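Mapping to my numbering: the sequence shown position 108 is 640, numbers consecutive. In this text, a Cβ means the ideal position worked out from N, Cα and C, and glycines have one as well. If you're wondering where the values come from, they're calculated on a predicted model, not measured in any experiment. What follows is a short report on a single structure.
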Amino acid sequence: MPAPDPIADLVGRLDRTVIASARRRREVVAEIEGDLREAVDARTTAGQPAPAAAAAVAAEFGDARDVAAALSFELLAARGRRFTSLTAVGVVALLIAWYVGMTTIVGLPGFRVPAESGWMLQVSTALDVAGPLLVGTAVAAWFAIRRWGSPAALAAVAVLQLGFALVLVLGAIAMAAMLAVPAAGTAALVALVAFTIVLGAALAASSASVLRLWAAVSREPRRARS
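As structure tokens, this is what we get:
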């Protein structure tokens with residue numbers, strides 16, 4: 533029967549408890565294992581027996597659950613900085629697309645909004661306000677995460693982005709189904725709706741993923757205390 537390997541045991545516990553995407557977790561755990569193995573090699577080179585060296589390095593590393601919780605928080609903050617940056621870029625791209633697309637469509641001869649579709653104008657006006665607000669919130673959250681590692685700021689942006697994206701995608705689908713445009717504007721409408729659905733769905737999916745990760749990391753300290 534092979535002798536127990538304290539480093540392998542420690543790395544296994546980290547791999548089971550660090551909260552992150554599978555790819556990022558594997559990368560971080562592999563990096564930690566490499567550092568630990570190097571520390572063991574340094575001790576054995578200095579003359580310490582391998583089992584004792586591995587046990588000492590594992591003991592110095594600390595409690596795997598505490599380290600995993602700290603790592604999970606750091607990885608969430610890193611994800612948050614990327615997420616908020618992409619949120620700002622994605623929403624700006626959507627706002628530009630809607631401004632260009634709707635300006636083109638509204639300017640076509642013979643175009644008018646039927647009375648029964650007047651609600652679309654109200655939604656469009658609300659999104660004109662919500663879009664810049666979301667961009668500003670994302671920028672502020674990026675600074676908050678960078679400065680304080682604030683998970684609450686990340687969750688706020690994710691919730692706002694999820695709502696914004698869902699309303700925009702549903703509005704685009706409704707507009708395509710209900711709004712009659714002159715033949716010259718068909719291509720512009722199709723392009724606008726397709727772009728909105730693709731990018732909006734991507735923003736909604738990323739928001740949902742971030743919220744799931746945020747919830748899991750937020751629950752971890754409570755589980756550790758129980």
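Candidates the options, of which the one nearest residue i by Cα
i      : options                        : result
Arg597 : Leu607, Thr549, Tyr631         : Thr549
Leu721 : Ala734, Ala737, Gly703         : Gly703
Ala629 : Thr728, Leu735, Ala585         : Thr728
Glu773 : Ala554, Gly579, Val589, Arg555 : Past the boundaries of the shown model lies residue 773; the chain is included only from 533 to 758, so the question cannot be answered.
Ser739 : Asp537, Leu666, Thr576         : Leu666
Arg744 : Glu606, Met710, Ala687, Gly663 : Ala687
Ala706 : Met652, Pro538, Gln580, Pro581 : Met652
Arg614 : Phe593, Thr576, Ala540, Val671 : Val671
Pro536 : Trp674, Ala584, Ala625         : Ala584
Thr669 : Ala715, Ala719, Arg679, Ser617 : Ser617
Leu659 : Trp674, Gly579, Leu692         : Leu692
Chain-order list of residues whose beta-carbon lies under 8 angstroms from that of residue i (same chain, five-residue window excluded)
i      : result
Val543 : Val561, Ile564, Glu565, Leu568
Leu608 : Ile551, Ala552, Pro683, Leu686, Leu745, Trp746, Val749
Leu698 : Gly732, Ala736
Gly717 : Thr636, Ile637, Leu640, Phe643
Same chain only: Cβ atoms within 6 angstroms of residue i, ignoring 5 sequence neighbours per side
i      : result
Ala708 : Val725
Arg557 : Val550
Val655 : Gly703
Val623 : Gly663, Leu666, Val667
Gly612 : Ile677, Leu686
Ala610 : none
Val621 : none
Pro538 : Ala586, Ala587, Ala590
Gly765 : Outside the displayed range of the chain (533 to 758) lies residue 765, so it cannot be described from this structure.
Val742 : Phe615, Ala690
Gly633 : Ala720, Leu724
Leu627 : Gly663
Residue interval of the alpha helix (DSSP H) (run including residue i)
i      : result
Arg644 : Neither: Arg644 is in no alpha helix (DSSP H) and is coded neither H nor E.
Gly695 : 683-710
Ala584 : 582-593
Beta-carbon contacts of residue i that lie in its chain and below 7 angstroms, excluding the five residues immediately before and after
i      : result
Ala733 : Val701
Glu752 : Ile551, Ala601, Ser604
Please list the segments of the alpha helix (DSSP H) lying wholly inside the segment 540-577, counting only runs of 4 or more residues, in order along the chain. 554-577
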